[in-house]
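Engineer:
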Amino acid sequence: MVARLLLRAWTRGPAAGPGPLCRPLSVDSGSSEYLQRSIVPTMHYQDSLPRLPIPKLKDTIKRYLRAQKPLLDDGQFRKTEQFCKNFENGIGKELHEQLVAQDKQNKHTSYISGPWFDMYLSARDPIVLNFNPFMAFSPDPKSEYNDQLTRATNLTVSAVRFLKTLRAGLLEPEVFHLNPAKSDTDTFKRLIRFVPSSLSWYGAYLVNAYPLDMSQYFRLFNSTRLPRPIRDELFTNEKARHLLVLRKGHFYVFDVLDQDGNIVGASEIQAHLKYILSDSSPAPEFPLAYLTTENRDVWAELRQKLASGGNEETLRKVDSAVFCLCLDDFPIKDLVHLSHNMLHGDGTNRWFDKSFNLIVAKDGTAAVNFEHAWGDGVAVLRFFNEVFKDSTQAHAITPQSQPARTDSSVAVQKLNFKLNDALKTGISTAKEKFDATVKTLTIDIIRFQRGGKEFLKKQKLSPDSVVQLAFQMAFLRQYGQTVATYESCSTAAFKHGRTETIRPASIFTKRCSQAFVREPAKHSAGELQQMMTECSKYHGQLTKEAAMGQGFDRHLFALRYLAAAKGIVLPELYLDPAYGQINHNILSTSTLSSSAVNIGGFAPVVPDGFGVGYAVHDNWIGCNVSSYPGRNAREFLQCVEKALEDIFDAIEGKCIKT
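First residue of the sequence shown? That's 1 in full-length UniProt numbering, and the numbers climb one at a time after it.
Below, the structure written as structure tokens:
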């Protein structure tokens, strides 16, 4: 029933489909300890959040076949249809019933939460490039505040203020407002805080507000993914008060919270960071951070050797640190250099296992690189937005501020690791592998300036659908085919929701792409506009279904996971080459929009794929694409740009140039 209520709310939203799950940034609390003082407790809605629905099996099969249609020829499609029919009427039906029964016994969580954690933590590939994405901050609008020491201090203080605000329950709950004039008001907040937590979600629903799951937020701080054989472990120690700082491959720690839990003075933090920046020690011969770029089983074995070799206590300081601040000793040349540096760097100055690394370059360019097992973009983007706002509007220090007169040589501890020959060899091997891999990664960027969200919405087109159509057109132009495409969608509207997949490649985008790319002369601008409208409507439908937990990917994944857990022979649907093909996501795409974000990106998820990060702004469209040898990011982006030009020409009634 709750899912139906939510679906009704989504369908009452804009014609072009629901907007991003976001909320207005909060108001400064006026206290140096907190970002804000919400009158509604942070976790007020958590207990009453609706549960993530398990779709009906027949709906999942129907959606799966619709997504397969543009990828298969008629013969392949008929085979896949038969596999689906057998699955739906046989073992799939049994597995679905077992999944529903299991879900009813675990009402505290979602059916996908456990399997999804397992998927991430059991993956043995290195997390750098394969899992960790990055988001780069926009520069501080006041240019003089972009000095490295000033910006690092301000970002650090704001991040710790976020931590304090979150743990005190004073951070405003994350809510998606469909009608902010009614729900994002002091009057509503004063009323809703008196509604019991077990009912509060329903109170918000009455004014078209949808609270989001915040169960991941506690892992933002004091958390690390620990390498273990077979399956990694998420470690959190909220009692630790120290910050981990990396510079030139060296590790430093100092307290950012005092014994009473208060934030250490900004001028003291500034003094300690200045002390670290003045350390003239040469880079270590064997930089330990390379180990976090290794295969997880290899790293697990090396970490065991590291711990048993007298480094256990030192490792614990790394693991339990509030977060990891990385100070780079060079400026950023351009957006491509920025992307490479924030996505992977040179391997010496990141601890990729930390929940997040806050990176600040010599010129003050800053970014977050985050580990993905513990949480998704919604939690990280909220942190990112709040920290950007606070660090640029309520500066803890100014460029003229003097560091505190304190003995940083006592307060700052430089961590030293004892390395035997096996560990040194392990580090050298990790470096060789890392260097060889990153050398093959290409990144390129475009900014399409002809228009963005405002123009497309006036045409009653979903901006997201237009960009996704451009990707389909670009791939068809470059490689002559339609391939498996993945777009991430948050299911944070549900308790312990994670993500669902939107499948942007459809029969509508395939038909429209072929018209634009292969036979533009055969179609009038009006016909092309009609096809784009069909694409937009269908994409809007897919987006709504995914956001409501009504996609097919997570359901099929959970059924497969359940079969494996029960020792059942893998059903033939999963052995069908078409299933393997649709999950080999050649176009892996993700979008986020925020004025705090300069650019974001990630590596391809398959060796012959593209990693496509994009954002549709009011008047322009940004796109950041990565590829390995065999694919060409630059050529693909040229084709994306051509596709966007053609789409805008068609909208304006112009002829399409071949």
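C-beta: ideal position from N, C-alpha, C; glycine also.
This one's a predicted model, so the numbers in the text were calculated from it and none came from an experiment.
Check for me: the alpha helix (DSSP H) holding Thr437 runs from which residue to which?
Structural biologist: Thr437 -> alpha helix (DSSP H) spans Asp421 to Val438.
Engineer: Could you check how far apart the C-beta atoms of Ser366 and Arg151 are, in whole angstroms? I think they sit under 8 Å.
Structural biologist: In the sequence as displayed, the identity of residue 366 is Ala instead of Ser. Confirmed, Cβ separation roughly 6 Å.
Engineer: Take Asp329 as the anchor and find which of Gly611, Ser488 and Gln148 has the nearest alpha-carbon.
Structural biologist: Out of Gly611, Ser488 and Gln148, Gln148 has the C-alpha closest to the C-alpha of Asp329.
Engineer: For Ile502, report the span of its beta strand (DSSP E) as first-last.
Structural biologist: Looking at the DSSP string, the run of the beta strand (DSSP E) that includes Ile502 is Thr499 to Ile502.
Engineer: Could you please give the first and the last residue of the uninterrupted alpha helix (DSSP H) stretch that includes Cys639?
Structural biologist: It spans Ala633 to Ile651 - the alpha helix (DSSP H) in which Cys639 sits, taken as one unbroken run.
Engineer: Considering only the alpha carbon of each residue, which of Phe552, Ser122 and Asn624 lies closest to Leu234?
Structural biologist: Of Phe552, Ser122 and Asn624, the residue nearest in Cα terms is Ser122.
Engineer: Have a look at Tyr120 and Pro520 and give me their C-alpha separation to the nearest angstrom.
Structural biologist: The alpha-carbon atoms of Tyr120 and Pro520 are separated by roughly 44 Å.
Engineer: Can you name the start and end residues of the beta strand (DSSP E) that Val612 belongs to?
Structural biologist: Element bounds for Val612: Phe610 to Val616.
Engineer: Short of 6 Å in beta carbon distance, which residues of its chain neighbour residue 660, apart from the five on each side in sequence? Order them along the chain.
Structural biologist: In the structure displayed, the chain extends from 1 to 658; residue 660 sits before or after that span and is not available.
Engineer: Would you kindly work out how many angstroms separate the C-alpha atoms of Val256 and His584, rounded to a whole number?
Structural biologist: Straight-line Cα distance between these residues: approximately 44 Å.
Engineer: Flag this pair as yes or no: are the beta carbons of Ser490 and Val378 separated by less than 8 Å?
Structural biologist: In this structure, Val378 lies closer than 8 Å to Ser490 by Cβ.
Engineer: Taking 8 Å as the threshold (C-beta atoms), are Asn349 and residue 689 in contact?
Structural biologist: There is no way to answer for residue 689, as the model of the chain reaches only from 1 to 658.
Engineer: Is the beta carbon of Ala492 less than 8 Å from the beta carbon of Glu294?
Structural biologist: No, the pair does not count as a contact, with Cβ atoms beyond the cut-off.
Engineer: In this structure, does DSSP put Pro227 in helix, strand or coil?
Structural biologist: Here Pro227 sits in coil by DSSP.
Engineer: Taking DSSP as the reference, what is the three-state secondary structure of Gln413?
Structural biologist: Strand.
Engineer: Buried or exposed: where does residue 664 fall if 16 or more other Cβ atoms within 10 Å of its Cβ makes it buried?
Structural biologist: The structure shown does not extend to residue 664, since the chain is modelled only from 1 to 658, so the question has no answer here.
Engineer: Smallest Cα separation from Pro607: which of Arg63, His617 and Asn130?
Structural biologist: Comparing Cα-Cα distances from Pro607 to each of Arg63, His617 and Asn130, the minimum goes to Asn130.
Engineer: Going by CA-CA distance only, name the one from Ile445, Leu441, Ser588 and Ala470 that's closest to Ser627.
Structural biologist: Ranking the options by Cα distance to Ser627, first place goes to Leu441.
Engineer: What residues in its chain sit with their C-beta under 6 Å from that of Lys414, if we drop five residues either side in the sequence?
Structural biologist: So the list reads Tyr252, once near-sequence residues are dropped.
Engineer: Identify whether Leu49 lies in helix, strand or coil by the three-state DSSP scheme.
Structural biologist: Note: Leu49 maps to coil in three-state DSSP.
Engineer: Counting along the chain, where does the beta strand (DSSP E) carrying His44 start and finish?
Structural biologist: Premise fails: His44 is in no beta strand (DSSP E) and is neither H nor E.
Engineer: Can you tell me the Cβ-Cβ gap for Arg469 and Met532, rounded? I've got them flagged as a contact below 8 Å.
Structural biologist: A small correction: the amino acid at residue 469 is Leu; Arg does not occupy that position in the sequence shown. With 8 Å as the limit, Leu469 and Met532 qualify as a contact, their Cβ atoms being about 7 Å apart.
Engineer: If the criterion is Cβ atoms closer than 8 Å, does the pair residue 659 and Leu587 meet it?
Structural biologist: With the chain represented from 1 up to 658, any question about residue 659 goes unanswered, as that position is not in the structure.
Engineer: Quick check on Thr187: buried or exposed, where buried means 16 or more other Cβ atoms within 10 Å of its Cβ?
Structural biologist: Label assigned to Thr187: exposed.
Engineer: Grouping DSSP H, G and I as helix and E and B as strand, with all else coil, what is Asn357?
Structural biologist: DSSP places Asn357 in strand when its eight states are reduced to three.
Engineer: Over what stretch of residues does the alpha helix (DSSP H) that includes Ile582 continue unbroken?
Structural biologist: Here the alpha helix (DSSP H) through Ile582 covers Pro577 to Ile582.
Engineer: Please list, in chain order, all residues of the same chain as Asn208 whose beta carbon is under 7 Å from its beta carbon, the five residues on each side excluded.
Structural biologist: Correct list, in chain order: Ala9, Leu178, Asn179, Lys182 and Ser183.
Engineer: What is the DSSP secondary structure of Pro520, counted as helix, strand or coil?
Structural biologist: Looking at Pro520 - three-state DSSP - the assignment turns out to be helix.
Engineer: Taking Cβ positions, are Val517 and Ile621 nearer each other than 8 Å?
Structural biologist: Going by C-beta atoms, Val517 is not nearer than 8 Å to Ile621.
Engineer: In chain order, which continuous runs of the alpha helix (DSSP H) of length 4 or greater are located wholly inside the region 272-351?
Structural biologist: Listed in chain order, they are 296-306, 312-320 and 335-343.
Engineer: Please classify Asn624: is it buried, with 16 or more other beta-carbons within 10 angstroms of its beta-carbon, or exposed?
Structural biologist: Asn624 comes out buried.
Engineer: Check whether the region 385-394 and the region 254-270 are in contact - that is, three or more C-beta pairs closer than 8 Å.
Structural biologist: No, the region 385-394 is not in contact with the region 254-270.
Engineer: Thinking C-alpha only, which one of Thr165, Thr437, Glu97 and Arg193 is nearest Ala603?
Structural biologist: Per the Cα distances, Thr437.
Engineer: Spell out the partners DSSP gives Met135 in its beta bridges.
Structural biologist: Val368 and Gly600, per the DSSP bridge assignment.
Engineer: Under a Cβ-count criterion, where at least 16 other Cβ atoms within 10 Å of its own Cβ denotes burial, should Pro463 be classed as buried or exposed?
Structural biologist: The residue in question, Pro463, is buried, as its Cβ has 16 or more Cβ neighbours within 10 Å.
Engineer: Evaluate Cys326 with the Cβ neighbour count: other Cβ atoms within 10 Å of its Cβ, from every protein chain shown; 16 or more gives buried, anything less gives exposed.
Structural biologist: Result: buried.
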